[in-house]
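Please read the structure below before turning to the comments.
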Amino acid sequence: MEVKKVDHIGIAVRSIEKALPFYTDVLGLPFLGIEEVESEQVKVAFLQVGEAKIELLEPLSPESAVATFIEKRGEGIHHVALGVEDITERIRELKEHGIRMIQDAPKRGAGGAWVAFMHPKSTGGVLYELCERTKTEGHQ
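Right, here's the structure in full:
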């Protein structure tokens with residue numbers, strides 16, 4: 001499996017509005033925008049950091065996976081997204097290596113990217129996301 005880059009790092013926060021000034025005013029990171037991902041019940045803010053991004057994740061509902069994460073672990077790093085090509089083939093390769101996937105097929109995520117998560121029990125406790133973007137999809 002070829003990983004092209006770290007696409008983004010997802011950070012779980014209770015409030016994007018309260019967290020954003022640290023990233024923009026203190027760290028000076030360019031703000032790229034906010035969107036809601038209804039399927040995941042999260043609001044997402046994107047910030048550029050070099051060639052990668054930081055993705056702030058605010059739960060929109062107490063039932064969202066991000067809300068559950070914050071409840072159990074508090075705010076902080078939620079996942080590391082790895083940029084790949086041909087995500088369907090990457091999922092197949094990972095499963096051949098015994099990696100348990102949370103999604104067996106890619107789905108649309110923030111910025112219009114195709115995404116799929118590996119289960120942390122298969123990756124040493126780290127939640128990794130595969131992320132495939134085309135040149136026309138947002139937040140390149």
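Heads up: the sequence shown begins at 1 in the numbering used here, then just goes up one per residue.
All residues carry an ideal CB built from backbone N, CA and C; glycine is no exception.
Check: Secondary structure of residue 94, DSSP reduced to three states; Outcome: helix
Check: For residue 12, the first and last residue of its enclosing beta strand (DSSP E); Outcome: 5-12
Check: Residue 197 in three-state terms, based on DSSP; Outcome: Given that the chain is displayed from residue 1 to residue 140, the structure contains no residue 197 and the question cannot be resolved.
Check: Beta-carbon spacing of residue 10, residue 79 below 9 Å; Outcome: yes
Check: Which listed residue (37, 108, 99) has its alpha carbon closest to that of residue 128; Outcome: 99
Check: Residue 60 to residue 96 span [Cα, whole Å]; Outcome: 35 Å
Check: Supposed close pair residue 14, residue 58 - CB separation, criterion 8 Å; Outcome: 7 Å
Check: Distance between residue 36 and residue 140 (C-alpha atoms, nearest Å); Outcome: Reliability of the predicted coordinates at residue 140 is poor, the pLDDT of 47 falling under 50, and the value obtained from them is presented with this limitation in mind. Their backbone Cα atoms lie some 17 Å apart in a straight line.
Check: Where residue 125 falls, given that 16 or more other Cβ within 10 Å makes a residue buried; Outcome: exposed
Check: Endpoints, alpha helix (DSSP H) assigned at residue 18; Outcome: 16-21
Check: Closest residue to residue 64 among 84, 12, 41, 26 (Cα-Cα distance); Outcome: 41
Check: Contact check, residue 5 vs residue 51, beta carbons under 9 Å; Outcome: yes
Check: Assigned secondary structure, residue 99 (DSSP; H/G/I helix, E/B strand, else coil); Outcome: coil
Check: Contact check, residue 46 vs residue 69, beta carbons under 9 Å; Outcome: no
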